[in-house]
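Note sheet for the following structure.
Residue numbers (my numbering): 139 to 264.
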């Protein structure tokens with residue numbers, strides 16, 4: 139599974155942090171660490187600390203907050219995803235189909251009016 143950042147992907151200046159190039163086993167591992175570390179243990183989750191996730195040009199830390207904010211950055215290298223318990227439960231539901239069978243599809247992992255989206259794409263495209 140690759141983690142990367144794509145800047146200015148459209149005419150609106152939007153950008154994405156993308157998790158791509160994964161199989162159903164890696165999708166399942168990703169779902170499981172969100173469930174265990176964020177929802178059960180209530181800790182932040184640094185995706186770069188897991189051997190099945192390979193950061194390319196950025197880092198991403200998932201944090202539990204009282205408000206769904208989405209992804210923020212001050213330098214386009216270090217990113218933080220701030221979501222509520224409900225936001226992370228919804229994210230797990232969106233990841234679930236990728237855990238059950240191999241897929242070349244994609245899913246946006248939150249619906250927040252934010253200039254940086256979070257893309258989960260087995261093949262890398264959207």
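Idealized CB from N, CA, C, for every residue including glycine.
Treat the numbers as computed from the prediction; the structure is a model and nothing was measured.
Check your understanding: Does the region 141-155 come close enough to the region 252-263 to have 3 or more Cβ pairs within less than 8 Å?
Key -> Enough Cβ pairs lie closer than 8 Å, so yes.
Practice item. Find out if the Cβ-Cβ distance for the pair residue 207, residue 183 is shorter than 8 Å. Key: Mapped onto the chain shown, residue 207 falls at position 69. Mapped onto the chain shown, residue 183 falls at position 45. Going by C-beta atoms, residue 207 is not nearer than 8 Å to residue 183.
Check your understanding: Tell me which same chain residues have a C-beta within less than 7 Å of the C-beta of residue 146, skipping the five on either side of it?
Key -> Mapped onto the chain shown, residue 146 falls at position 8. If we look at residue 146 and ignore the five residues flanking it on each side, its Cβ neighbours are 153.
Review point. Do you know how far the Cα of residue 225 is from the Cα of residue 205?
Key: Taking the chain shown and counting its residues from 1, the one referred to as residue 205 is at position 67. Taking the chain shown and counting its residues from 1, the one referred to as residue 225 is at position 87. Approximately 9 Å between the Cα atoms of the pair.
Practice item. Assign residue 185 to one of two classes, buried (16 or more other C-beta atoms within 10 Å of its C-beta) or exposed (fewer than that). Key: Here residue 185 refers to the residue found at position 47 of the chain shown. Residue 185 should be labelled buried.
Review point. Since residue 142 and residue 195 are thought to touch, with beta carbons under 8 Å apart, how far apart are those beta carbons, to the nearest angstrom?
Key: Indexing the chain shown from 1 puts residue 142 at position 4. Indexing the chain shown from 1 puts residue 195 at position 57. 5 Å between Cβ atoms; contact.
Practice item. Take residue 264 and list the residues in its own chain whose beta-carbon comes closer than 7 Å to its own, dropping the five residues that flank it on each side. Key: Reading the chain shown from its first residue, position 126 is the one you call residue 264. Cβ within range, chain order: 244 and 257.
Exercise for review: With distances taken Cα to Cα, identify the nearest neighbour of residue 262 among 221, 241 and 209.
Suggested key: Your numbering for residue 262 matches position 124 in the chain shown. Taking each of 221, 241 and 209 in turn and checking the Cα distance to residue 262, the smallest one comes out for 241.
Point to revise | Beta-carbon proximity check, residue 218 vs residue 230, cutoff 8 Å | key: By 1-based counting over the chain shown, the position of residue 218 is 80. By 1-based counting over the chain shown, the position of residue 230 is 92. Taking 8 Å as the cut-off, the beta carbon of residue 218 is found no closer than this to the beta carbon of residue 230.
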